[in-house]
Structure formats: structure tokens, C-alpha cells
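Here the structure comes first, spelled out in C-alpha cells, and everything after it is commentary.
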Amino acid sequence: MREGTLTPHKIEVMGRASGEEQQNRSHPVIALSGAHAYGFPSPDSDLDLKAIHVERAERLLGLSVPRAVRNRLEIIEGVEVDYTSNELQVALRGLLRGDGNMLERVLSVAPLRDSPWRAELAELARRNLSRRYHHHYRGFAHSQRRAVDQSAAPRAKKVLYVLRTALTGAHLLRTGECVPDLTELFGPYGLGVVPALIEIKQQGEQRELPTALAQQVGPALDRAFALLDAARDRSPLPEEPAEVEALERWLVGVRRGDLAE
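Residues 923 to 1183 (the numbering used here) make up the sequence shown, in order.
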């Protein structure tokens, strides 16, 4: 994660916003996502906060079911904050389906809010990694690429997001490691076009790509998708999650512990 564009003011706003949400609900983790986590932030990049929260168990027992997703989109002193949190049960089901969004929250290397639950959850998530993640990362990258292909003049930001998604998925399937930062992945996977794309993005998110660089986009995207598909075919990960029962026991334990308080 690049912190160069995380000014003291942004850091203060981020801490304040995450602290306010922590007062509203208990979070095993709140993580910084988006361009800051992916290695290509611009000075005007928003603060994309992704979280998992634990609803009070007694609220889950009644007739009125609380919302499983909590959102907050607000501009705080000139900084756009986009917060999204999913309830723990929803997040765990996502992990078992192969939802990379949930995995990247749980395995974040720089959580804004941490808890003893996160270490336990991270270990269980690793033990339940499977080839199902290919479906998520390929589907997400495909929808992102469609936006690039439909644009007469694709922007660096959109291209970078496709490459980030595809390479994070490929690396996960190859190694079992979740690395969302594109700047750590482009070299080992032979995508040398990335630094030039990042440089263009940092000059302004609306800038069009120079002709010579734009001509490299198609081959780069094709390579990223080929790497992702090859990683799935050769992945050491199992087809299905291996320890679903352990994850369920852990969730039941969290609920029982809350009821006992």
C-alpha cells in the first residue's frame, strides 16, 4: 500500500470516520481498500473503507432482522469517505463462495481497526482457500474490462483496476497469498506497462492515454487474463473449502460469547 498520498489530514479523517463507525458497531476489521491499497492512489483518491461487523446476537433472534450491510458515503472536510461493512455471517458465507472482497478485508496487511477476532478469522480464511476464488476475480475483471473496451479513450485508472483484479486473483490461486497491491505484482508477472499507467493516473484521472501506451493496453489485459486462467488450472488450492465446519463452529462461538456478556 502506498502512503504517499495519505496526507496527515486524510489520515486524521480516516481515523475519525473509522472510530465513529466502531462506536456504532463492533468490527473484527476495518481496512483501507481502493486505489490506496492497490498501489496507485492519486491526490484526489477517496478513502475507501471496507469492514466486517458483528451484530449483537440478541438482535438476530427477534422478528426484526437488522440490515446485513451498512454504508456511509460522506465528504468530511473535503475528503470523500466511502465506508461499507458486511455482517459477520454474510462475510463468512462470502469467504466460502470465494468472494475476494471479503478475503482482502480479512487478510489486510494494514487494518485500521483490529481485534483478537481478526487473527482467528484470518487463519480460518486461509484454511478455507479454494479455487472458487477464480470465479470471483475473473468475473470482476471481466466486467471491469468491458468498461475499458467500450470506451473510445480508456483511462489509466480503469485499465489499472482490471490488471489489479486479475493479478491479485492469479497470485492467490498460485500461492495462496492475497496481495492487492499491483506494484508488488506487475514485475513478477511480466506486465511492465504498469508504471507508465500509474504515472498517467497520478497526473489526473481524466487524462487520456498517449497513443503508444494505449496500443499496449489490449495485449497487457490479454496477458493478465491468461495468467489468471492458467493459475486456476495449476492451482495447489482445493476445489472446495476444506474446513467449513471449523468456520461454522467459530461463528457459533462468537454468537454464544456475545449472548453470555
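We put the CB at the ideal spot given by N, CA and C, even for glycine.
Item: Report the three-state DSSP secondary structure of E1121 (helix, strand or coil).; Value: helix
Item: Which word fits N1050, buried or exposed, when buried means at least 16 other C-beta atoms lie within 10 angstroms of its C-beta?; Value: buried
Item: Just to confirm, are D966 and G956 a CB contact at a threshold of 8 Å?; Value: no
Item: V1001 to T1090, Cα distance in whole Å?; Value: 27 Å
Item: With respect to the beta strand (DSSP E) encompassing T1105, which residues constitute its N-terminal and C-terminal limits?; Value: Counting along the chain, T1105 falls outside any beta strand (DSSP E), and DSSP gives it neither H nor E.
Item: Flag this pair as yes or no: are the beta carbons of I974 and S1007 separated by less than 8 Å?; Value: yes
Item: Since L1043 is in the alpha helix (DSSP H), which residue starts that stretch and which ends it?; Value: 1038–1049
Item: Out of R1054, M1024, R947, point me to the one whose CA is closest to P1158's CA.; Value: R1054
Item: Beta-carbon separation of H1056 and L1107 under 8 Å?; Value: no
Item: For Q1066, which residues of its own chain have a beta-carbon under 8 Å away from its beta-carbon, when the five flanking residues on both sides are left out?; Value: K1080, Y1083, V1084, T1087
Item: Helix, strand or coil for V1031? Go by DSSP, reduced to three states.; Value: coil
Item: Evaluate L985 with the Cβ neighbour count: other Cβ atoms within 10 Å of its Cβ, from every protein chain shown; 16 or more gives buried, anything less gives exposed.; Value: exposed
Item: Which residues does DSSP list as the beta-bridge partners of L969?; Value: V1003
Item: Starting from A873, follow the alpha helix (DSSP H) in both directions and report where the run begins and ends.; Value: Residue coverage of the chain in this structure runs from 923 to 1183, which leaves residue 873 outside it and unanswerable.
Item: Please confirm if the region 1099–1114 is in contact with the region 1163–1174, defined as three or more CB-CB distances below 8 Å between the two stretches.; Value: no
Item: Does DSSP put E1009 in a helix, in a strand, or in coil?; Value: strand
Item: Buried or exposed: V1101, going by 16 or more other Cβ atoms within 10 Å of its Cβ?; Value: buried
Item: Given a threshold of 16 other Cβ atoms within 10 Å of its Cβ, counted over all protein chains shown, does A991 qualify as buried or as exposed?; Value: Reading the sequence as shown, one finds Val at residue 991 and not Ala. Burial call: exposed.
Item: What is the DSSP secondary structure of V1053, counted as helix, strand or coil?; Value: Here residue 1053 is Arg; the residue named in the question, Val, does not match the sequence. In this structure, R1053 counts as coil in the three-state DSSP scheme.
Item: Looking only at its chain, what residues have a beta carbon closer than 6 Å to the beta carbon of A1092, apart from the 5 residues adjacent to it on each side?; Value: L1149, L1150, A1153
Item: Below 8 Å between beta carbons: does that hold for A979 and D1180?; Value: yes
Item: Express the C-alpha separation of E1009 and R938 in angstroms, rounding to a whole number.; Value: 21 Å
Item: CA-CA distance, S1037 and A1075?; Value: 44 Å
Item: Which one of R1077, L1135, P1141 has the shortest CA to CA distance from E1127?; Value: R1077
Item: Do L954 and A1041 have their beta-carbon atoms positioned less than 8 Å apart in this structure?; Value: no
Item: For S986, which three-state DSSP category applies?; Value: coil
Item: One question on the structure: do V1176 and W1039 come within less than 8 Å of each other, judged by their Cβ atoms?; Value: yes
Item: Would you mind sorting A959 into buried or exposed? The rule is 16 or more other CB atoms within 10 Å of its CB.; Value: buried
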